[in-house]
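Since the structure comes first, as structure tokens, the remarks are kept for the end.
Chains as they are written, first to last, in our numbering: chain E, 199 to 553; chain A, 199 to 553; chain R, 199 to 553; chain X, 199 to 553.
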């Protein structure tokens, strides 16, 4: 009894896709804070990127971000035969564009030197041109004078560290001593540097993850695997530029890239518990108790090393309700390691499911 | 300064996609009710479908439904040379399967006759075999005896109504007179019947929308346009079989298909306001006030016919924040028609945005 | 007997996606000619586009094109506060880039005036700066002096023709009289202008279809419907810049946009027959003859108005083999209209399937 | 000069997707042979599958296959409470369905025993019921009597071989001695068994790769990675059932799964050269010669271990033209290993690019 197919006149695509709307990313807030989704490292035609600065805001809105910094290289201007060097150009072009869109734009620039010290983003600055100094130390000094948050970029980038291992040189230690280094990229583009976690803990620095995008975000972060763009999650008091800045200096950050979340346990633990809800058992008999765990977030959680007699691993898919069949033999607390929530160079988050 | 690409060892797809998880559909509840997502019309190999009954539950979980009814034809068994006729087979096979998965299975069957009266689903029955009677009236009587909710299927199906216009014949009026008709399909597969809206209002019947799927859900409702499967939204007191049944008989339903939502205004209006939130202005000057409208649901809303001097139309994309730039010339309330929320045969929902 | 899932160590994505490769578009050549896939209208940061000129070549290679022209506006330079006006900039930047990639770059510019005469692309020029004259007629004259092919862009664009109907003004007639107008855009971005077909036939002009892209090709031409970018097909003697130019002036073009192919019958007919192959019957009995039609191209063909007793319509999907069950009652030739191959303002291609 | 967007009335989706069409897979033939794309292992509701037998043909046509065998288990009928056991049911249901669609259906059944001997598909049989014997040897004997091609299924399946290593037991050796074993699955579902390559070479058996699908092909072989279903390529004299059978017994097969192709060198080498074409140099200077390699097939080729001074690896993407920049320092033949074309347990194909 094959159905006759009659295509009714429906109204799909009556309206265009909605230029400039901000997608909702499903990530929870922490108690007392709002979670801002940020990318603090990207380029435009004003250094070695290939897009106009407004593109970076359009991309960010479409991807659900709250804030970006455009960080064109101060020392590298390969398009200067066609575009005169103006280190504040992207900022000038995007300031009003961001404000009209209720979007937070952070004024930034990339100090681009050989290792040591490597590359640094100066964020929350007021005039990038003044930072373009011959001496890197002068550049640091000027940035700090402007109130900058200094972010060490991709410290294990093989083009600058052939073995891929981040190293603290004297100049980094001097920055630390003066309190001028505020954060380090744990994740950049397709790379991450486990050792950075130890650095950030030891020196009390913010953990950062950024795209460092030179090309087109939608072409680099989609494809068959449909990977989200990397982002730094910042726990700010309110959704504003100044509150974002305060949170960054206070180090209240986590990093999300692919299906991995990384952050200090003091943030990772409450964040995980805000993402999930364990419901009351819906069925039980002599052998088993069945209950559901709801993961309201866009991040999957891979639970491994389950308590004795419990399921050895559980995949809490993003935006899904997962059923758990628990043997009555399990009497101790139901604890797991969350394989994809990193809390240290070699540590993952440990959680308990209370049903 | 092209980035060196180093593919780190990430853990994507360490775990499988999570067999049997229930996706979260982002639709709000109404005050005092929980919104159950349901499909009350589908087939299996036990009539003219092509899949085993458990497939229907796996599909429904993956698609985020709370309840389904499998409604194999009582009078049409094209596979009987290979499969002996058992009108309760799908129910027997799926009962435990549903319970283990915390999924609501409604016992159903399709009474399949020429027009009049056409096809009817008997839902919430206890024994489909007893309903397989020679006389359609005997079938109705037995269904009602079992406590059935009687749903008139695709009343404008051209194979039975060559002009596509639903018509009440004497037998339908007799059903109505006895209080035996409880709902009508407004949407079925790819068809919808505007006139059904008027019928449902006039006779106080539940509006229903179902897939009537014979094939494979993921192949029929995805494709280039990535259309969601049609569903009946039922506003139940709690998430349970009995509460679902109570809500159905009380007519607390809406229908969602493609990007269209349909339902009586008493449900459509509060549902819309639960989906959206109008935020306080983030920017204003002498000419304009700028504010954001958040649509937390998976349904886009197409606003048209705006108040004088306001934007004539606004697309509140699903799961998105939309910015609205409002001229200060607008002093009357900001009202719109919601083009894709149908509240009658020729009516759409009227809403006001209070900023 | 559920299968155990063991993910073998496979090598997918061992290598990156292959920067700079040219995708093969499956379109046939015409006897004696090679089919070049071209887009003769697009913008960069050097006028009101948002990408660097090399992006246009990268996009074109990925999409399988053989040739493009970058046609930045001569009279519209909204980025001039940041980028000094140089009408040849994109050409200078892309010349070597194209040559290294075996890609044909056509030197172009868009003469951008109010209607009349509207917008014109000058193609195959030698110095765009010389064409930037105050008087549009001086601009035309200089372009022609450089050997330009003059293409009238989007003649029914509502921003310039409020009723959307292309009109020949005196200046257009003068161009025609002097032999200075060589082609007209039948398709531009999301618009097409049926009347242009009649113009092109009457005045013997080339029919053209282009993207007029200002943004990012992969974002504008993909999405849910996965629409290919529009292109002009040029039937050239060989795959070279000069041969392309000769073919353009000779008017040997067709236009492909979405699932529509448009062109004069002298090209459309042999092109269709190069796309398909009718195989010998694989089955027949007293009632029917069954045979297959292979469509080797990336364009679907929608056949309608079939001969009496034949299937009334046939969808020859792209890259597919379609089975046809033909009644023995059909004795006349099997002819169809190809609904999506336009050969005139109101005409579609008529074809015969010889089985 | 942002473009006005006017959605013209286009005709996309005027016609449905074309039920029953066969997609073209772009794979070349070998000289003297036609390449048939086949899957010789799958299940339906008549054993432990979940779909009706016609679904398997619809799936195969859509995926571009030429032939399948449905191989329901002879000894495992978990649905027998609802479906009486008939080992020929799928064959009876699909025979006419296949013929009408010009599709090759191979009569098959799976002999399903503990290891040893494990599972075997009997292909090209005439009556599956007669093969359902208590003794596995009797089953083999009857299958051979019917002219069967005997295929040993997933010999390293961990459910039967806990270490995953295929082993020849006495019964296998006896089969070999009698000439009753004709092929072995090198690939099954998501597993492959390198050792099988050595077995097939040593005993002169056909290498086979199949889906062993129990569920729904489009759900198992698509997803984020968009993986094609596994298939056995058979080099037959013509596209017919009997020619397929002849080719299978002659061992003229290769296996394609994910992005891996596997087969004996005598087939793999000419197959590779039929897929690619090396074009004449399009550019050269004192340092380099630039030429293009066209890969006309749907299989990418990953070339590694390039000749000294040549590019160390080249990714010849599927359906793409790849540019190669070759240093003039290279004077020896340009040879590569093709990383994803397996010609033995530990061997990959070696090729030369002649430009």
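Where is the CB? At the ideal position from N, CA and C, for every residue including glycine.
Compare the C-beta of residue i with all C-beta atoms of chain X and state if any pair is closer than 8 Å.
| i | result |
| --- | --- |
| residue 281 of chain A | yes |
| residue 248 of chain A | yes |
| residue 222 of chain R | yes |
| residue 417 of chain A | yes |
| residue 519 of chain R | yes |
| residue 300 of chain R | yes |
| residue 201 of chain R | Below a pLDDT of 50, predicted positions are generally treated as unreliable, and residue 201 of chain R, at 33, falls in that range; the measurement from the model is reported next regardless. Yes - at least one Cβ of chain X is within 8 Å of the one on residue 201 of chain R. |
| residue 414 of chain A | yes |
Going by the beta-carbon positions, is the gap between residue i and residue j smaller than 8 Å?
| i | j | result |
| --- | --- | --- |
| residue 551 of chain X | residue 491 of chain X | yes |
| residue 497 of chain E | residue 516 of chain E | yes |
| residue 470 of chain X | residue 553 of chain X | no |
| residue 265 of chain X | residue 234 of chain X | yes |
| residue 263 of chain A | residue 429 of chain A | yes |
| residue 442 of chain X | residue 448 of chain X | no |
| residue 310 of chain X | residue 273 of chain X | yes |
| residue 306 of chain R | residue 252 of chain R | no |
| residue 347 of chain E | residue 377 of chain E | no |
| residue 386 of chain X | residue 481 of chain R | no |
| residue 405 of chain R | residue 460 of chain R | yes |
| residue 237 of chain E | residue 258 of chain E | yes |
| residue 239 of chain A | residue 408 of chain A | yes |
Step through the CB atoms of chain R and report whether any lies within less than 8 Å of the CB of residue i.
| i | result |
| --- | --- |
| residue 508 of chain E | no |
| residue 212 of chain X | Residue placement at residue 212 of chain X is flagged as unreliable, the pLDDT there being 36, under the threshold of 50; a coordinate-derived value is accordingly withheld. |
| residue 435 of chain X | no |
| residue 395 of chain X | no |
| residue 252 of chain E | yes |
| residue 383 of chain X | no |
Just confirm the distance between the C-beta atoms of residue i and residue j, as a whole number of angstroms; I'd bet it's less than 8 Å.
| i | j | result |
| --- | --- | --- |
| residue 511 of chain A | residue 501 of chain A | 6 Å |
| residue 222 of chain A | residue 518 of chain E | 6 Å |
| residue 271 of chain E | residue 246 of chain E | 7 Å |
| residue 288 of chain R | residue 242 of chain R | 5 Å |
| residue 281 of chain E | residue 291 of chain R | At roughly 11 Å, the Cβ-Cβ gap does not stay under 8 Å, so residue 281 of chain E and residue 291 of chain R are not in contact. |
| residue 355 of chain A | residue 318 of chain A | Wrong, their Cβ atoms sit about 13 Å apart, outside the cutoff. |
| residue 364 of chain R | residue 394 of chain R | 6 Å |
Which one or two residues does DSSP pair with residue i in a beta bridge?
| i | result |
| --- | --- |
| residue 250 of chain X | BP columns for residue 250 of chain X are empty, so no partner. |
| residue 548 of chain A | A/535 |
| residue 433 of chain A | A/233 |
| residue 240 of chain E | E/411 |
| residue 305 of chain X | X/268 |
| residue 386 of chain A | A/389 and A/408 |
Under a CB-based cut-off of 8 Å, is residue i close to chain E?
| i | result |
| --- | --- |
| residue 219 of chain A | yes |
| residue 526 of chain A | no |
| residue 243 of chain R | yes |
Let me see if you follow: with CB-CB separation under 8 Å, is residue i close to chain A or not?
| i | result |
| --- | --- |
| residue 205 of chain E | Caution is warranted here: a pLDDT of 34 is assigned to residue 205 of chain E, below 50, making its placement in the model unreliable, and the coordinate value is therefore given only provisionally. So yes, residue 205 of chain E belongs to the interface. |
| residue 443 of chain E | no |
At which residue ranges does the region 311-384 of chain E contain complete alpha helix (DSSP H) runs of 4 or more residues, listed in the order of the chain?
If we require 4 residues or more, the alpha helix (DSSP H) runs fully inside the region 311-384 of chain E come out as 326-329, 334-343 and 368-375.
Output the residue ranges of the beta strand (DSSP E) runs that lie fully inside the region 447-520 of chain X and measure 3 residues or longer, sorted by chain position.
If only uninterrupted beta strand (DSSP E) runs of at least 3 residues are considered, those enclosed by the region 447-520 of chain X are 451-455, 458-461, 474-476, 486-493, 499-502 and 512-514.
Restricting to runs no shorter than 4 residues, where is the alpha helix (DSSP H) found entirely within the region 245-298 of chain X?
Those alpha helix (DSSP H) runs which fall completely within the region 245-298 of chain X and span 4+ residues are 251-261 and 287-298.
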